[in-house]
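In the numbering used here, the protein residues as written are 72 to 339.
Printed below as a string of structure tokens:
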């Protein structure tokens with residue numbers, strides 16, 4: 072266990088306050104438009120440095136004033152450089168996540184510098200066991216791999232359902248849907264599936280099967296209106312096939328992981 076965990080929590084709290092509460096949206100817009108020439112970006116980095124210095128001053132019992140100053144400068148300068156790089160990237164979920172991971176890595180480095188616990192941190196990494204890797208593997212499996220498998224399993228009926236929704240202009244033409252519908256199906260539907268399977272896997276590993284029933288019931292209520300409006304039996308069957316395939320696959324992965332961990336919820 073790392074010493075002075077309150078310092079690490081305080082540094083992360085300082086980052087969250089500076090990045091999300093003390094940064095107006097207009098500052099973000101100017102950063103994305105003017106990049107390193109945006110004055111608010113410098114103010115933003117200074118705020119990060121000040122809050123990091125306050126966290127180290129209040130919650131570290133071993134750091135000198137000079138060390139606190141070095142740590143604050145590292146936080147401010149690194150944050151400035153990371154945000155400049157991000158300003159040239161496409162503003163999407165991936166760039167946001169990578170940006171936040173980079174900031175947290177710097178904060179962790181400052182924490183280890185402040186407490187001189189490099190060896191302890193390496194020891195913690197070496198303590199990552201098979202059980203942790205199995206859980207990570209299970210979560211990764213219910214995301215992209217499961218999505219690809221479900222899509223392949225439903226492919227025999229996909230063209231038929233899409234053809235019913237958007238009839239072709241000519242009998243020999245392939246079924247087509249509008250660009251807007253394609254984006255909705257490929258982005259919103261896929262991410263809803265990701266969240267659904269992640270939640271179900273979490274409930275399986277926590278042995279909370281009643282929560283899975285509530286999740287499926289809630290989804291069914293939301294989808295009922297759409298299915299009733301379409302009055303399309305094939306679409307209804309297609310949605311049910313997708314839902315139950317997703318549920319069955321997540322159950323299989325979750326139970327296999329629980330069994331490997333010795334936590335299979337079966338009473339003798």
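Note that beta-carbon positions come from the ideal geometry of N, C-alpha and C, so glycine has one too.
The beta carbons of residue 116 and residue 139 sit about 17 Å from each other, so the pair does not count as a contact at 8 Å.
With a 10 Å radius around the Cβ and a threshold of 16 neighbouring Cβ atoms, residue 182 comes out buried.
Judged by DSSP in its simplified three-state form, residue 217 adopts helix. Residue environment: residue 264 is assigned as buried (16 or more neighbouring CB atoms within 10 Å of its CB, all protein chains considered).
Residue 158 and residue 221 do not touch by the CB rule: their CB atoms are close to 37 Å apart, not below 8 Å.
For residue 264, the enclosing alpha helix (DSSP H) stretches over residues 261-276. Assignment of residue 160 by DSSP, reduced to helix, strand and coil, places it in the coil class. In the three-state reduction of the DSSP assignment, residue 82 falls in the helix class, which pools H, G and I. A contact between stretches requires three or more CB pairs, one per stretch, nearer than 8 Å, and the region 318-326 meets this requirement with the region 258-278.
Secondary structure of residue 333 (DSSP, three-state): coil. With distances taken between CA atoms, residue 146 lies nearest to 120 out of 95, 186, 135, 120. By the Cβ neighbour-count rule, residue 186 is buried, with 16 or more other Cβ atoms within 10 Å of its own.
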